[in-house]
Each structure stands twice: as C-alpha cells, then as structure tokens.
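K.L.:
Per my numbering, residue 77 is the first one in the sequence shown, and the count goes up by one each step. Just so you know, even glycine gets a beta-carbon here, dropped at the ideal spot from N, CA and C.
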Amino acid sequence: MLGKMMHRPLRISDILEFAADAFPTAEIISARTEGDIHRQTYPETRDRVCQLAHALQKLGVEMGDRVATLAWNGYRHFELYYAVSGIGAVCHTINPRLSVEQLIYIVNHADDRLIFVDTTFVPLLEAVQEHLPKGLTYVIMTDRDHMPATSLVGALCYEDLLKGQPQRMDWRDFDENTAAGLCYTSGTTGHPKGALYSHRSNVLHAMMIAVTLGNTFREGQKVLPVVPLFHVNAWGLPYAGPMAGLSLVMPGPALDGPSLFKLMDQENVYSAWGVPTVWLGLLAEIKEQGRKPNGFGDVVIGGSAAPRSMIEAFEKMDVSVGHAWGMTEMSPVGTHGTLPSFTNDWPLEKRLDLKQTQGRRVFGVELKIVDDDGERLPNDGKAVGELFVRGNAVVAGYYNNDEATAEALDEEGWFGTGDVASIDKDGYLTIQDRAKDLIKSGGEWISSIDLENAAMAHPSIANCAAIGVPHPKWDERPILVAVPTDSERVTLEELHELLSEHFAKWQLPDDIVWVDELPMTATGKVSKLNLRKALADYKHPEVH
Ligand code: AMP
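Set out below in structure tokens:
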C-alpha cells in the first residue's frame with residue numbers, strides 16, 4: 077500500500093524562497109574583487125536571483141543548458157547557483173586552478189553556452205579564448221564602473237544584465253531529478269570527469285549535513301566557506317546555509333592567514349570550512365596575534381587528512397574541530413567527526429584519537445570496505461580495504477563519459493571511492509591510503525600517471541613514477557622518481573620546461589630522485605606502495 081501524501085519536487089529555488097521568508101535579516105557578506113565588503117540579505121538576494129534568472133532566459137538559456145562560472149566565493153557566484161538551476165539550466169562551476177589544457181577540455185566537454193567570469197580570471201580566459209566553443213557568451217561579474225578592457229568577444233557586464241529585470245519569478249515546476257550543477261574532478265589519467273548533481277541530490281545533501289553538523293547550522297550564526305564555490309558546491313554550504321538561517325561570509329580572492337583572520341574577526345565568524353593548508357595559514361596568524369579571531373568556535377576540516385597537531389591546536393583554543401571526509405562524487409560530505417555527547421568529559425587525548433579519524437557517516441550515506449575480490453570486510457577497526465559508498469547524493473555515473481561511468485560502480489551498485497580505509501565497530505572511518513594514482517597538493521589534484529607519461533618523453537628517463545611525499549604546508553607534493561638512460565640526465569628546470577605545456581605550475585614535481593630500478597608488482601606495474609615505503613626517509617627540498 078502506498079502512503080497518501082503529496083509529492084512536491086525537491087527544488088533548489090525553494091531553499092532561497094524559504095530563506096527570504098524565514099530569515100529576512102540573515103546576510104550574504106562578501107569580500108569583493110572590487111576591494112570592499114558587500115552585504116545583502118536573503119530577501120535582497122532572492123530579488124537579484126530572480127532578475128538574473130529573467131536575464132538568463134532573455135539570453136536564450138533553456139532547460140539543460142550549461143552555464144559556467146569561473147569565480148571566487150562571493151554573492152554574484154552565489155546568485156548564479158540559484159538563478160541558473162532555478163530555470164532548469166546547469167551551473168557548471170570551473171576550478172581556475174586547473175591546467176589550461178584541462179580548462180579548455182572541460183568547457184568544450186560541457187559544451188557551455190555562457191561563462192560568467194570574475195575580473196581576476198578574465199586574462200585566463202582571454203589566453204584560451206580561441207580554443208573555447210565559438211558561440212560562448214562571456215559575462216564579466218562586476219558593474220559598469222569596474223568593467224575591464226577585454227578581448228573576450230562580446231563580453232557582457234553582470235550588473236547591466238540585472239538592471240530593469242523583474243524581482244519576482246514563477247519558478248518552473250520540473251522533475252526533481254533535473255540536473256542542477258556540474259563539477260569536474262580529476263581522473264587518475266586522461267581528462268577530468270563530470271559529476272552532474274540534481275535538484276533532488278543537492279537538496280537532500282543540504283538536509284543531510286544540516287542535521288549532522290549541528291554545531292555549524294544554528295540560525296543567526298555566521299559561517300565562512302573558505303572552500304571554494306568551484307569545489308563541489310563549497311561542500312553544500314550555499315544550500316544548507318540559507319536553509320538553516322546562517323549568514324554566509326564569502327572571502328573572495330584573499331585566502332591567506334592574515335586576510336582570513338581579519339575578515340573572521342570583523343564579522344564575528346563562528347564556523348569556518350576548508351582544507352588543512354588554509355588552516356595552517358590561519359593558525360600562523362593566530363600565533364602572531366596571540367589570540368583567535370572574535371567569535372571563532374568551530375572549524376570543519378576536509379579535503380585531505382587533518383593532522384593531529386592541527387586538531388589539537390584548534391581544540392586547545394576552544395575551537396571545535398569537525399574532521400570531514402567526502403568526494404566531488406558525493407556532493408561531497410560522506411563522514412564527519414562530531415563526537416557523541418558522552419565523550420564530552422573524556423580527556424583531550426582520548427577525544428583527539430577519535431577526532432583524528434575521518435568520523436562517522438552522515439545520514440543518507442552508507443559505507444562498506446571490501447578486499448581485492450570485492451568481498452565485504454568487517455567493521456572491526458583492523459581490516460583494511462577499498463571504500464565503497466551508496467546514497468542519494470552519490471553519483472550514478474559521469475556526465476557524458478561512458479568509459480568512466482562503466483568503471484564507477486561495483487556489481488551491487490556501490491561507488492568505488494579509490495580510498496583505502498578501515499572502519500571500527502562504532503562506525504569511525506580511518507582513511508589509510510589511496511588506491512587511485514593521484515597526488516593531492518593543497519586540496520587540488522595532480523595525476524601521477526599524466527606526469528609520468530609526459531616525463532617519459534625525455535630521452536634521459538628510461539622509466540619513472542610520480543609519487544606524493546608529505547609536505548608541512550601543502551600536505552603532499554609531487555616528486556618524480558626516475559631510472560636514467562645513458563643520455564645526460566634532465567635537470568629539474570628542463571623537466572619543468574618540458575611539462576609546463578600540459579600542467580599548471582603548481583602541479584610540477586618539486587624534485588627528481590634518480591634510482592637504479594623501480595619496485596614492481598606481480599603484474600608488472602610500478603608498486604607505488606613499495607616505492608613510498610622505500611622513500612620513507614626522503615626529505616622534501618624545503619624540509620630540513
Ligand atoms: P575531491 O573529489 O577533490 O573532493 O577529493 C576527494 C578525495 O580527497 C577523497 O577520495 C580522499 O582521497 C581525499 N580526502 C577528502 N577528505 C579527506 C580526509 N578528511 N582525509 C583524507 N583524505 C581525504
């Protein structure tokens with residue numbers, strides 16, 4: 077027997093309409109590229125989102141069209157999230173830290189119709205314009221007074237688009253499974269792969285994190301997403317924040333410790349979210365100032381493992397740490413380290429043991445670990461296997477990519493994360509290693525295989541492997557371990573020159589370590605595991 081209840085589609089536009097009604101004084105506060113602090117309430121934001129939605133329709137944007145953004149965290153980027161999805165189009169957030177090659181690939185692969193760009197990134201687009209789709213419309217995210225001179229053909233001005241448009245919109249009633257957002261993530265090799273979120277998955281994900289991360293989601297609190305809006309929906313904050321009545325503080329381009337400290341201090345930010353590298357900068361500034369920013373009480377650390385020393389430093393200044401794990405393919409939050417209330421009176425060391433794990437699953441995400449044959453392993457804290465996940469905010473495949481889609485799910489329909497983990501009897505997840513051949517530096521991916529393939533083009537390299545080595549600031553940095561031929565050995569500078577055609581500067585290896593041979597697996601592949609073990613004593617050039 078079916079229940080006898082209404083069925084209303086879960087739509088993203090309803091979140092903002094709700095926030096405008098329920099939380100009329102909560103704000104989006106933005107450090108703008110124009111250099112000042114800008115504030116607008118949810119009702120004001122709703123009005124502008126409606127204007128933008130009308131403008132998009134006037135420009136001919138239709139259901140399913142991809143509209144790209146290349147922008148920092150700010151109110152206009154937030155407005156695009158809602159206006160684009162509100163009319164049934166797809167908001168494709170582009171990571172400006174990608175290599176030029178990857179950027180060109182994804183704009184073409186997504187077949188974007190429009191691209192909204194912050195003034196900062198205009199030169200980046202100008203440089204690649206000839207490789208982008210011919211009919212692409214460029215919109216610069218500023219007002220008439222700040223419009224830069226640009227060679228971007230037919231570039232429009234964001235604020236001009238909004239002028240005179242109606243401040244109300246009858247949002248279309250479409251299926252809740254309609255695509256809403258597109259975010260590309262690095263593959264282990266080849267091109268990035270697109271996670272295509274739906275209205276339903278984004279609304280459910282927002283509800284999932286709002287109930288789990290109770291410390292952050294209290295009406296009236298100010299929360300700072302340092303995590304970019306171009307990184308998996310800023311971990312869901314642009315949706316869950318308005319739903320719960322938070323004010324969102326958008327940091328714009330300045331993500332260094334002193335700038336973040338100042339903004340948090342001025343705005344009385346309670347909770348801030350981002351990758352470990354960012355918090356190193358903030359902790360250094362806190363040390364410098366001899367105090368934490370005003371009102372700071374909660375930090376969510378994810379994207380890479382949070383070091384124990386970092387968790388301890390925050391906890392000792394009464395900033396509660398939530399260590400989170402997730403993926404682009406999971407919208408992204410999978411687990412979170414909120415400790416149960418019965419641990420409140422535990423000694424710090426014992427609490428840190430738990431906080432250091434990646435935490436427990438959020439409602440709506442299931443976890444399993446399996447051995448090499450795909451057999452399920454027990455949650456006993458000892459067994460280590462590849463981590464698989466299932467849930468309503470997990471991808472069922474990749475956008476227009478049959479090959480990657482075919483490999484994404486196991487026979488039972490679970491998504492393979494490429495992480496290697498253990499889960500203890502209480503459900504605490506510990507990420508032990510990475511099965512996927514990728515290096516994560518400062519929260520951004522570098523494909524080891526692509527580095528290796530490109531480096532092999534040099535005649536002095538007979539064989540090579542790129543691995544990540546620990547780094548105090550960037551968490552991991554790539555180095556190249558190479559077996560020489562008889563030719564004169566390539567220098568690091570020459571290698572950089574060779575690779576810079578295909579990679580962004582920060583993706584280039586920091587060192588070349590020459591070896592006589594590379595450790596191999598039984599199947600004839602380089603054993604990265606053994607290589608990492610063999611180089612356990614390796615010291616990064618910057619670490620002495
Ligand atoms: P992305 O899709 O760029 O968000 O990257 C997701 C991947 O980052 C995961 O599969 C992990 O390899 C890694 N990751 C994310 N959060 C954590 C964490 N808290 N600890 C360790 N690794 C993490």
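Can you give me the Cβ contacts of Arg367 inside the same chain, cut-off strictly under 7 angstroms, excluding the 5 residues immediately before and after it?
P.N.:
In the sequence shown, counting from the first residue as 1, residue 367 sits at position 291. Cβ within range, chain order: n/a, list empty.
K.L.:
May I have a chain-ordered list of the beta strand (DSSP E) segments no shorter than 3 residues that lie completely inside the stretch 92-154?
P.N.:
Whole beta strand (DSSP E) segments, 3+ residues: 103-107, 113-117 and 142-146.
K.L.:
Give the DSSP-derived three-state secondary structure of Val470 in the structure shown.
P.N.:
Taking the first residue of the sequence shown as position 1, residue 470 is located at position 394. Three-state result, Val470: coil.
K.L.:
Between which residues of its own chain and Glu177 is the CB-CB distance below 7 angstroms, once the five residues before and five after are set aside?
P.N.:
Within the sequence shown, the letter at position 101 stands for residue 177. The answer, listed in chain order, is His578.
K.L.:
Between the C-alpha atoms of Val351 and Gly519, what's the straight-line distance to the nearest angstrom?
P.N.:
Numbered from 1 along the sequence shown, position 275 holds the residue referred to as residue 351. Numbered from 1 along the sequence shown, position 443 holds the residue referred to as residue 519. Rounded to the nearest angstrom, the two C-alpha atoms are 6 angstroms apart.
K.L.:
So the alpha helix (DSSP H) Ser385 belongs to, where does it begin and stop?
P.N.:
Sequence index remark: in the sequence shown, residue 385 carries index 309 (1-based). Arg384 to Lys392 is the extent of the alpha helix (DSSP H) around Ser385.
K.L.:
Of the choices Gly263, Gly321 and Ser335, whose alpha-carbon is the least far from that of Val302?
P.N.:
Counting from one through the sequence shown, the residue named residue 302 turns up at place 226. The shortest Cα separation from Val302 among Gly263, Gly321 and Ser335 belongs to Ser335.
K.L.:
Kindly give me the distance between the Cβ atoms of Arg466 and Glu451, rounded to whole angstroms, as I take these residues to be in contact under 8 angstroms.
P.N.:
Walking along the sequence shown from the start, residue 466 turns up at place 390. Walking along the sequence shown from the start, residue 451 turns up at place 375. Not a contact, Cβ separation roughly 17 angstroms.
K.L.:
Does the ligand AMP have even one heavy atom less than 7 angstroms from the beta-carbon of Ala381?
P.N.:
Numbered from 1 along the sequence shown, position 305 holds the residue referred to as residue 381. Ala381 Cβ: within cutoff of the ligand AMP.
K.L.:
Rounded to the nearest angstrom, what separates Ile191 and Glu138 at their Cα positions?
P.N.:
As a working mapping, residue 191 is identified with position 115 in the sequence shown. As a working mapping, residue 138 is identified with position 62 in the sequence shown. For Ile191 and Glu138, the distance between alpha carbons rounds to 15 angstroms.
K.L.:
With H, G and I counted as helix, E and B as strand and the rest as coil, what does DSSP make of Asn171?
P.N.:
Looking up residue 171 in the sequence shown gives position 95. In the structure shown, Asn171 sits in coil (DSSP, three-state: anything other than H, G, I, E or B).
K.L.:
Does DSSP put Ser563 in a helix, in a strand, or in coil?
P.N.:
Here the question's residue 563 lines up with position 487 in the sequence shown. Coil at Ser563, not helix or strand.
K.L.:
Please report the straight-line C-alpha distance between Gly140 and Ala159, rounded to a whole angstrom.
P.N.:
The sequence position of residue 140 within the sequence shown is 64, counting from 1. The sequence position of residue 159 within the sequence shown is 83, counting from 1. Roughly 13 angstroms separates the two Cα atoms.
K.L.:
Given a threshold of 16 other Cβ atoms within 10 Å of its Cβ, counted over all protein chains shown, does Gly321 qualify as buried or as exposed?
P.N.:
Along the sequence shown, one-based indexing puts residue 321 at 245. When all chains shown are included, Gly321 counts as buried.
K.L.:
Buried or exposed: where does Asn184 fall if 16 or more other Cβ atoms within 10 Å of its Cβ makes it buried?
P.N.:
As a first step, residue 184 must be located in the sequence shown, where it is residue number 108. Its Cβ having fewer than 16 others within 10 Å, Asn184 is exposed.
K.L.:
Just to check, is the beta-carbon of Gly111 closer than 7 angstroms to a non-hydrogen atom of the ligand AMP?
P.N.:
Taking the sequence shown and counting its residues from 1, one reaches residue 111 at position 35. Not so, every heavy atom of the ligand AMP lies at least 7 angstroms from the Cβ.
K.L.:
Between the Cα of Gly162 and the Cα atoms of Ala531, Tyr315, Ala497 and Lys426, which residue gives the shortest distance?
P.N.:
Position 86 of the sequence shown, counting from 1, holds the residue named residue 162. Nearest C-alpha to Gly162: Tyr315.
K.L.:
So is Asn278 buried or exposed if we call it buried at 16+ other beta carbons inside 10 Å?
P.N.:
Counting from 1 along the sequence shown, the entry for residue 278 is found at position 202. That one is buried.
K.L.:
Provide the residue span of the beta strand (DSSP E) that contains Leu443, from first to last.
P.N.:
What you label residue 443 is simply residue 367 of the sequence shown in a count that begins at 1. From DSSP, the beta strand (DSSP E) with Leu443 extends over Val441 to Val446.
K.L.:
Under DSSP, the alpha helix (DSSP H) around Asn184 begins and ends at which residues?
P.N.:
To locate residue 184, count along the sequence shown from 1; it is residue 108. Val176 to Ala186 is the span of the alpha helix (DSSP H), which, as asked, contains Asn184.
K.L.:
Would you be able to state if there are at least three C-beta pairs under 8 angstroms between the stretch 383-391 and the stretch 427-437?
P.N.:
Segments in contact, yes.
K.L.:
Among residues of its own chain, excluding the 5 on either side of Val471, which ones have a beta-carbon nearer than 6 angstroms to its beta-carbon?
P.N.:
Against the sequence shown, residue 471 aligns to sequence position 395. Answer for Val471: Ala271 and Glu405, listed in chain order.
K.L.:
Going along the chain, which residues of its own chain have a beta-carbon closer than 7 angstroms to the beta-carbon of Asn344, five neighbours each way excluded?
P.N.:
Within the sequence shown, numbered from 1, the residue matching residue 344 stands at position 268. Around Asn344: Lys298, Asn370 and Gly371.
K.L.:
If you compare alpha carbons, which of Ala558, Asp551, Gln508 and Lys516 is closest to Met532?
P.N.:
Residue mapping note: residue 532 aligns to position 456 of the sequence shown, counting from 1. When each option's Cα is compared against that of Met532, the closest is Ala558.
K.L.:
Measure the beta-carbon distance from Met377 to Trp401 and round it to whole angstroms, keeping in mind my assumption that it falls under 8 angstroms.
P.N.:
Reading the sequence shown from its first residue, position 301 is the one you call residue 377. Reading the sequence shown from its first residue, position 325 is the one you call residue 401. The sequence shown places Ile at residue 377, rather than the Met named in the question. About 10 angstroms separates the two Cβ atoms, so there is no contact after all.
K.L.:
Below 8 angstroms on the Cβ atoms is my contact criterion, and I expect Arg152 with Asp188 to pass it. Report the Cβ-Cβ distance as a whole number of Å.
P.N.:
Here residue 152 is taken as the residue at index 76 of the sequence shown, counted from 1. Here residue 188 is taken as the residue at index 112 of the sequence shown, counted from 1. That belief does not hold up - the Cβ atoms of Arg152 and Asp188 are roughly 17 angstroms apart, past 8 angstroms.
K.L.:
Answer with buried or exposed for His83, where buried requires no fewer than 16 other C-beta atoms within 10 angstroms of its C-beta.
P.N.:
For this step, residue 83 is matched to residue 7 along the sequence shown. Classification of His83: exposed, given that the 10 Å Cβ count is below 16.
K.L.:
So does the stretch 485-498 actually touch the stretch 417-427, counting three or more Cβ pairs closer than 8 angstroms?
P.N.:
The stretch 485-498 vs the stretch 417-427: no contact.
K.L.:
On the CB-based measure, 16 or more other CB atoms within 10 Å of its CB, does Asn149 come out buried or exposed?
P.N.:
Against the sequence shown, residue 149 aligns to sequence position 73. Classification for Asn149: buried.
K.L.:
From this set, Ser524, Asp486 and Pro585, which residue's C-alpha is nearest Arg266's C-alpha?
P.N.:
What you label residue 266 is simply residue 190 of the sequence shown in a count that begins at 1. It should be noted that the sequence gives Gly, not Arg, for residue 266. Taking only the C-alpha atoms, the option nearest Gly266 is Ser524.
K.L.:
Taking Val125 as the reference, give the member of Val395, Glu593 and Gln243 with the closest Cα.
P.N.:
Within the sequence shown, residue 125 is the residue found at index 49, counting from 1. Closest by alpha carbon: Gln243.
K.L.:
With DSSP collapsed to three states, give me the class of Gly211.
P.N.:
Numbered from 1 along the sequence shown, position 135 holds the residue referred to as residue 211. The answer is coil: DSSP assigns Gly211 none of H, G, I, E or B.
K.L.:
Return the chain-ordered list of same chain residues with a C-beta closer than 8 angstroms to the C-beta of Thr288, the five sequence neighbours on each side being excluded.
P.N.:
In the sequence shown, the residue the question calls residue 288 occupies position 212. Closer than 8 angstroms at Cβ, skipping near neighbours: Val409, His412, Thr414, Val438 and Phe439.
K.L.:
Alpha carbon to alpha carbon, what distance is there between Leu92 and Asp246?
P.N.:
Residue 246 sits at position 170 when you count from the first residue of the sequence shown. Residue 92 sits at position 16 when you count from the first residue of the sequence shown. Taking the straight line from one Cα to the other gives about 13 angstroms.
K.L.:
Note down the Cα distance separating Met223 from Leu238, rounded to an integer number of angstroms.
P.N.:
For this step, residue 223 is matched to residue 147 along the sequence shown. For this step, residue 238 is matched to residue 162 along the sequence shown. Those two C-alpha atoms are separated by around 15 angstroms.
K.L.:
To the nearest angstrom, how far is the alpha carbon of Ile113 from that of His307?
P.N.:
As a first step, residue 113 must be located in the sequence shown, where it is residue number 37. As a first step, residue 307 must be located in the sequence shown, where it is residue number 231. Distance between the alpha carbons of Ile113 and His307 is about 23 angstroms.
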